[in-house]
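Asks:
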Amino acid sequence: MASPLPPPLAEIFDEYDFLDKDDRYRLLIDLGRALEPMPDPLKTDATLVRGCSASVWVYPMRRDDGTLHFLADSNAAITKGIIALVLLTVQDSAPTDILASDIAAALAPFDLGNQLSSNRTQGIPNMIALIRETAARLASG
Numbered sequence: 002m003a004s005p006l007p008p009p010l011a012e013i014f015d016e017y018d019f020l021d022k023d024d025r026y027r028l029l030i031d032l033g034r035a036l037e038p039m040p041d042p043l044k045t046d047a048t049l050v051r052g053c054s055a056s057v058w059v060y061p062m063r064r065d066d067g068t069l070h071f072l073a074d075s076n077a078a079i080t081k082g083i084i085a086l087v088l089l090t091v092q093d094s095a096p097t098d099i100l101a102s103d104i105a106a107a108l109a110p111f112d113l114g115n116q117l118s119s120n121r122t123q124g125i126p127n128m129i130a131l132i133r134e135t136a137a138r139l140a141s142g
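Remember, my numbering sits 1 above the position in the sequence shown when you count from 1.
Structure follows, in structure tokens:
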């Protein structure tokens with residue numbers, strides 16, 4: 002059985018579940034706008050997530066307490082909102098906690114694959130893989 006959604010994600014899902022398709026798009030766009038700004042110099046080939054139809058950049062930072070904090074951005078508004086959902090599952094968590102979490106399962110209630118075009122969701126597994134690879138690298142050393 003999947004664990005319950007983290008509180009911020011659960012609150013967003015409660016609102017999302019209530020909305021029609023157009024309002025769900027608006028909610029995702031608003032979530033994307035609320036992301037912490039990612040400075041342009043960090044948007045490089047090294048931080049670019051492969052396999053996304055839109056440009057998506059993810060920059061991990063290890064905090065002094067050992068947790069991971071991610072800056073992320075996209076040139077597409079709805080994609081940026083999806084990034085915000087992904088980050089809500091892992092932001093400021095310990096690498097071992099990220100590795101133990103099931104990000105895809107946490108996002109499953111949003112049913113993004115049926116709500117959005119495949120172009121908008123095709124990069125989600127690559128973004129999750131990048132986050133997990135970063136966590137694994139930091140957890141092991």
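Ideal Cβ placement from N, Cα and C applies to all residues, glycine included.
Quick caveat, the model's predicted, so the values are computed rather than measured.
#1: Contact between the stretch 76-96 and the stretch 30-43: three or more CB pairs below 8 Å?
#2: For the putative contact between Arg63 and Leu131, defined by C-beta atoms under 8 Å, what is the C-beta separation to the nearest angstrom?
#3: Going straight from the alpha carbon of Val91 to that of Asp18, what length do you get?
#4: If you draw a straight line from the alpha carbon of Gly52 to that of Ala95, how long is it in whole angstroms?
#5: Classify Arg63 as helix, strand or coil using the three-state DSSP reduction.
#6: With a 10 Å radius around its C-beta and 16 neighbouring C-beta atoms as the bar for buried, classify Asp65 as buried or exposed.
#7: Identify the continuous beta strand (DSSP E) that holds Ser75 and give its terminal residues.
#8: Only counting runs of 3 or more residues, tell me where the beta strand (DSSP E) segments fall wholly within the stretch 8-43, in order along the chain.
Replies: With the structure as the only source:
#1: yes
#2: At roughly 15 Å, the Cβ-Cβ gap does not stay under 8 Å, so Arg63 and Leu131 are not in contact.
#3: 21 Å
#4: 26 Å
#5: strand
#6: exposed
#7: 69-75
#8: none
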